[in-house]
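S.K.:
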Amino acid sequence: MTPLLRMEGISKRYGGVRALEGARLECERGRIHAVLGENGAGKSTLIKVLAGVVKPDAGAIELDGKPVALPGPAAAHRAGIVSVFQELSLLPDLTVADNIGIIDPPTRWGLIDQRAQRRRAEQALARVGADVHPLARVRDLALSRRQVVEIAKALARDPKILILDEATSALTAADVASVFGVLRELRDAGLAIIFISHRMHEIAEIADDCSVYRNGRHVATFRAGARTPTEIVEMMIGRDYSSAFPPRPADKPSAPPALKVNKLSWTGRLRDIDFEIRPGEVVGLGGLDGQGQRDLLLALFGALTGVRGSVAVNGKEVRLSSPRSTRGTRLEGGGIALIPEDRKTEGLMLSMSVRDNLSFAAIEQFSRAGMIDRAAEETAIASMIKLLGIRADGIDGPVAALSGGNQQKVVIGKWLMTRPQIILLNDPTRGIDVGTKQELYQLLRTLAAERAALLFYSTDYAELIGCCDRVLIFYDGAIVAELEGEAMTEHNIVASAHGLVSHASTSRAEPV
Amino acid sequence: MTGRAQDLRYWLASQRGPLLAAALFAAMFAVFLVEHPAGASANVINTAANKGALLALVAMAQTIPVLTSGLDLSVGSVFVMSNCLASTLVAGEPLQVALGVAAVLASGLLCGALNGILVVFGRLQPIIATLATGAMYYGVALWLRPTPGGDVNENFADFMTGSLGDAVPFSLVVLAGAVVVIWLPYRKSALGRAAYAIGSSEQAAYMSGVPIARAKFATYVLAGLLSAIAGLLLTCLTYSGEANALLGGSYTLSSIAAVVVGGTSLYGGSGGAIGTIFGAFVLRTISDLLFVFDIDPLSQPLFLGIVLLLSISLGSFRLLKVKKRLDLYR
Amino acid sequence: MTAPAPLARIFGRVDRALLAALGFIVILLVAGALYDRNFLSLDYLLQQLQVAAFLGIIATGVMLVVLLGHIDLSIPWVVTIGGMMSTAAASHEGSAGALAIPFAVACGGGIGILNGIGVAYLRIPSMIFTLATNAIAQGLMVVHTSGFAPQDHATPAMHFIAVERSILGIPNAVWVWAAIGGATVVLLRRTTFGRRVYAIGNSERAVFLSRANVRLVVVACFAMAGACSAFAGVLLAGYSTKAYQAMGDPYLLPAISAVVLGGTSILGGRGSYVGTVAGVVLVTLLQSILSIVQMPEAGRQVISGAVIIIMLLVYGRGAKVVS
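Note that the protein sequences, when read in sequence, are chains W, Z and R.
If you want our numbering, it's the position in the first sequence, counting the first as 1, plus 603.
If you want our numbering, it's the position in the second sequence, counting the first as 1, plus 342.
If you want our numbering, it's the position in the third sequence, counting the first as 1, plus 29.
(1) If I measure Cβ to Cβ from K1017 (chain W) and keep anything under 7 Å in the same chain, skipping five residues before and after, which residues do I get?
(2) Closer than 8 Å by C-beta to A546 (chain Z): which residues in its own chain qualify, once you throw out the five before and the five after it? Chain order, please.
(3) In three-state terms, what does DSSP make of H378 (chain Z)?
(4) Would you mind reading off the limits of the beta strand (DSSP E) that contains T561 (chain Z)?
(5) For C250 (chain R), which residues in the same chain have their Cβ closer than 6 Å to its Cβ, ignoring the five residues on either side in sequence?
(6) Once DSSP output is grouped into helix, strand and coil, what is the label at G450 (chain Z)?
(7) Please list the partners that S542 (chain Z) has in chain A, where partner means a Cβ-to-Cβ separation under 7 Å.
(8) Please go through the same chain and pick out, in chain order, the residues whose beta-carbon is closer than 7 Å to the beta-carbon of G683 (chain W), but skip the five residues on each side of it.
(9) Hey, which unbroken runs of the beta strand (DSSP E) at 3 residues or more fall wholly within the region 740-767 of chain W?
(10) Whole angstroms is fine: what's the gap from R874 (chain W)'s alpha carbon to D1079 (chain W)'s?
(11) Can you round the beta-carbon distance between G655 (chain W) and P674 (chain W) to whole angstroms, since I take them to be within the 8 Å contact cut?
(12) So that I know if they touch, is there some Cβ in chain Z lying closer than 8 Å to that of T1120 (chain W)?
(13) In whole angstroms, what separates the C-alpha of R529 (chain Z) from that of V516 (chain Z)?
(14) Whose CA, out of W:D877, W:K646, W:A795, W:T1032, lies closest to the CA of E1085 (chain W)?
(15) For a cutoff of 8 Å on Cβ pairs, would you count P643 (chain Z) as touching chain R?
(16) Measuring CA to CA, which of Z:D500, Z:S596, Z:C453 is closest to L575 (chain Z)?
(17) Which of the three DSSP states is assigned to N586 (chain Z) in this structure?
(18) Any idea what DSSP makes of S542 (chain Z), helix, strand or coil?
(19) Name the residues in the region 930-948 of chain W whose C-beta lies less than 8 Å from a C-beta of chain R; which are they?
(20) If we call anything under 8 Å between Cβ atoms a contact, is A252 (chain R) one with G147 (chain R)?
(21) Can you list, in chain order, the residues of its chain whose CB lies under 7 Å from that of F635 (chain Z), leaving out five sequence neighbours each side?
(22) Ends of the beta strand (DSSP E) at A1081 (chain W)?
(23) Tell me the DSSP secondary structure of E624 (chain W) in three-state form.
(24) Within the same chain, show all residues whose beta-carbon is closer than 8 Å to that of S543 (chain Z), passing over the 5 residues directly before and after it, in chain order.
(25) Give a yes or no on contact between the region 918-926 of chain W and the region 892-905 of chain W, applying the rule of three or more CB pairs nearer than 8 Å.
(26) For chain Z, is any of its Cβ atoms less than 8 Å away from the one on V957 (chain W)?
(27) Quick check: the Cα distance between P850 (chain W) and T1032 (chain W), rounded to an integer number of angstroms?
(28) Leaving out the 5 sequence neighbours to the left and right, which residues in its chain are closer than 7 Å to V336 (chain R) when beta-carbon positions are compared?
(29) Beta-carbon separation of P856 (chain W) and E879 (chain W) under 8 Å?
(30) Find the residues of chain W that neighbour A539 (chain Z), judging by a C-beta separation of less than 7 Å, and give them in chain order.
(31) Check whether the Cβ atoms of P643 (chain Z) and Q167 (chain R) lie closer than 8 Å to each other.
(32) With distances taken between CB atoms, is the gap from P360 (chain Z) to F659 (chain Z) smaller than 8 Å?
(33) Using the beta-carbon count (16 or more within 10 Å), is F645 (chain Z) buried or exposed?
(34) Please report the distance separating the alpha-carbon of Y1064 (chain W) from that of H99 (chain R).
(35) Would you kindly check if the distance between the Cβ of H173 (chain R) and the Cβ of T270 (chain R) is under 8 Å?
(36) If you draw a straight line from the alpha carbon of F371 (chain Z) to that of T627 (chain Z), how long is it in whole angstroms?
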């Protein structure tokens, strides 16, 4: 039987980076097809090509054996391809009903029929079991509610092919069960579903077929259950699993803590956080996305107001009222640096040169009375470029032209120039190619060896296990578990991350 | 909470800006009427209505591109230009008058279309593109009317500026007509909603398949049309056309103020023309109030400026509630 | 990898905008010369530079604000404040009036600080806030002059700077503009402050997270813009020996156009001062030519607007919204 969807030879380059290289994907009707691969393997790009958001440099797409062109999202919609992405396509200022009916709303005499649209929205929401009022503004909804609305919106379009790209990342377990129920019904009715997720257990639960990608290429396709999780992971990373990460030092750090946090709280999103980090340690933050990990990092960098509790750096209590209070000159030891969540909007000034970006945070080191000493700046920049192995061509050009991996290196280089003692990392390897990731892991270990204290948040459990000495698991703004040594396994992390759900039916179980 | 009560709650929450502006205007106007020596007479209300309606129409024009987080700095110039054009064409026999009116409205549409083409297809920034086209439209106005003059069919003018049944000023009827015939259908159409979507998040709108180019283009065309209607009304009020740069400039800038006071965000995605209309009336009533309270005419511009500053600063109180300092920076 | 030579750095980024602006200036000079031989005479060109100096000083301040990604619509009445306050101070202190100029500049700077506070601390969009401060500035001047044309005279110092040609026959105003321009170039390219200005125009968020004091930089730029505008008003009053109502109105559109035509992006984060100079010269020459050929005002407006649009279509277009 002809597959409903066939993509062949899809290639796409972004500047110097090959996102996809002759990738292919085949999907049958009435099957849920899981797409697996690491960050940077090309899954998202492949799916965006299918959704019409990205134009491939080469390749062909066939629906039901007939070639199709997808020049834009509208064309994909017309072809019956509906997608739910991580970056939600919801319009924050509009109501849920307006969002669900944004394309092809029911009309009466040329104008939108509000009542019919509302009914449609209510039906779509009921289908996924969402408890959301159709007139609520999306802006006012929690992230999990928004994801549910996004899925309802996709289903309301009566798709032939449904794509879900990390669409369940912020959902509660109850939501996930509900959504999976709907997906199974749709599959049985003949819909083809493409499902991207990092969570092995979800894939094991829902998928019929799996395809693995690595470095922009298709590696293998097989029936779900035909391979063990370890085999799958090895296909994804292309080498022996255990050697992906640099070895941990044998002896535990014993110096007094560089950072000690006591009963840190913030507007209910962070509740009584207690922990400490010693120089030389890499401590990880784990748990489902949106449980307060990112807020903790922002709090420790002074980007939040109304933070209660105490933070002590090298034994001295400090008030972190703004990022400027994290300077090395203000704090004993060297200061706190934050590698932020979104490197493009928070870490870099995209149209400025790589040089200017690198020296930006540390600019005062190279200046006297406000005037920049160009020579000193150049020397520091050159040595940082060498240290991090940033690609040498294009250094005078805008940093926007670099690949994701190199951009992240620039962000890290920018902060290393300030010679921080405490380094906070907010999901630093997201969207980066495997090679650069390896370099970053090594760099983290080297920094730790030089007595820095690192706090590392990652959504990738394997990374947490491989890079960190300890992992603190977050749930609903509090630390619910601390895993160390032998106890740091994906199973334990996932279990702790979900561990309280069964008890949480009466308390506020909504991740935000 | 019952379904209907909840619906009402949501609706009220979404209309907060316009409702506030409306309440503010009602309060101010009431005080004005009470303090005015002539009281609530037809003449007083008529004059107030005429002045307010002019700004309200131009401000409505400004609101529509602002919804997409764009801007139209040529609305004042189109206003002045259509005033001059009307003073040339809208005269003589009824048929000529009708054709003249049609021509004036068409000129507004054309000006708007040029703005739209430059912003959407030329991909020029709205601020600078409309600043430049504004200069061009003003040049056309000057060409039409190098000196103030011209004429307009008296019956038509009297009709447009008199009172309907001696109670409702006709300028308000024109304004209401613009709302009912242009704004409301637009707002309820897919194209109008697309404008809100674009202002809310252009990227998400694109991913959702919203027709961005068409929607943005339409906003500028409608802005041109509404500015032309305002110009036509001005001609009827003054019985002449004048290429007054100061007037055009002040209307452009006041239209932006009216948009903000009326509760529409300059970043787009929320608000609407109804709020803007009340915002325009609030601005006009301020100067009337200053007159009525016998504030020294020399101090009035200063008062106006201070009140404007205070009213736009009101929104800043919500900054005190922001817990994530990072969110203050876009 | 060695750093590029300093000379290459200065001219390394000769972008399309600057080339286009320079090209157009050449066209204007040629066109003017064809119309009237005297157009290319040294005397006339110096006169043009003198007129350009006033606009240039205003445009300097505007450029700083635009680089941040903001706009300053309070220019018209801050210029007027500069003119009126300096002449008023002059009449107070007697003919020496040494404090006339600093006082006026301080007034402009004060309004600029108010602008900066509204934009940086109250987070009100600069377009609407500077509109309001413009209205307030106008209100203050109406009260000050009671609506009449002010009769105060400019000080000899003001006249000296604005009108005389003391060094090498070049108008003093041009030297002053050059000094301010030179200082601005150093500020933008060689200081940490300048880096931050460009960075904020790129991404305020990233600058905040890089530990820089964003708000202070914004206030400082608006203050400088206010000071520049007021200083230009001082010079204008010196030129005409008196200040007059709405003397700043004709400078708003030309100043913004000059900055944008010089290649500074209206969205902020990109632009060079050399480009702004070229833009100022271009706008001034255009206005001159239009008045020499005795083009009626209507035509002047249309042509000015059309020129801006055409040049922007050549090099000022934005990117498409796609990925």
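Every residue gets a Cβ at the ideal spot worked out from N, C-alpha and C, and that includes glycine.
This structure is a prediction, so every number in the text was calculated from the model and none was measured.
M.R.: In terms of the structure at hand:
(1) N960, L961, F963, A964
(2) The residues are A539.
(3) H378 (chain Z) falls in the coil class under three-state DSSP.
(4) From DSSP, T561 (chain Z) is part of no beta strand (DSSP E) but of the alpha helix (DSSP H) over 554-580.
(5) L93, V94, L97
(6) Helix, per DSSP.
(7) The displayed structure is made up of protein chains W, Z and R, and chain A is not among them.
(8) P762, K763, I764
(9) none
(10) 8 Å
(11) 7 Å
(12) The structure shown does not extend to residue 1120 (chain W), since chain W is modelled only from 604 through 1115, so no value can be given for it.
(13) 18 Å
(14) When only C-alpha atoms are compared, the closest one is W:D877.
(15) Flagged as an interface residue toward chain R: P643 (chain Z), by a C-beta distance shorter than 8 Å.
(16) L575 (chain Z) has its Cα closest to that of Z:D500, out of Z:D500, Z:S596, Z:C453.
(17) coil
(18) helix
(19) R930, L941, P943, T948
(20) no
(21) Once the five neighbours on either side are set aside, the close Cβ partners of F635 (chain Z) are E377.
(22) 1081-1087
(23) strand
(24) G611
(25) Contact holds between the region 918-926 of chain W and the region 892-905 of chain W, because three or more Cβ pairs, one in each stretch, are under 8 Å apart.
(26) no
(27) 19 Å
(28) L315
(29) Pairing P856 (chain W) with E879 (chain W) gives a Cβ-Cβ distance that is not under 8 Å.
(30) L694, L697, I705
(31) yes
(32) no
(33) buried
(34) 43 Å
(35) no
(36) For F371 (chain Z) and T627 (chain Z), the distance between alpha carbons rounds to 7 Å.
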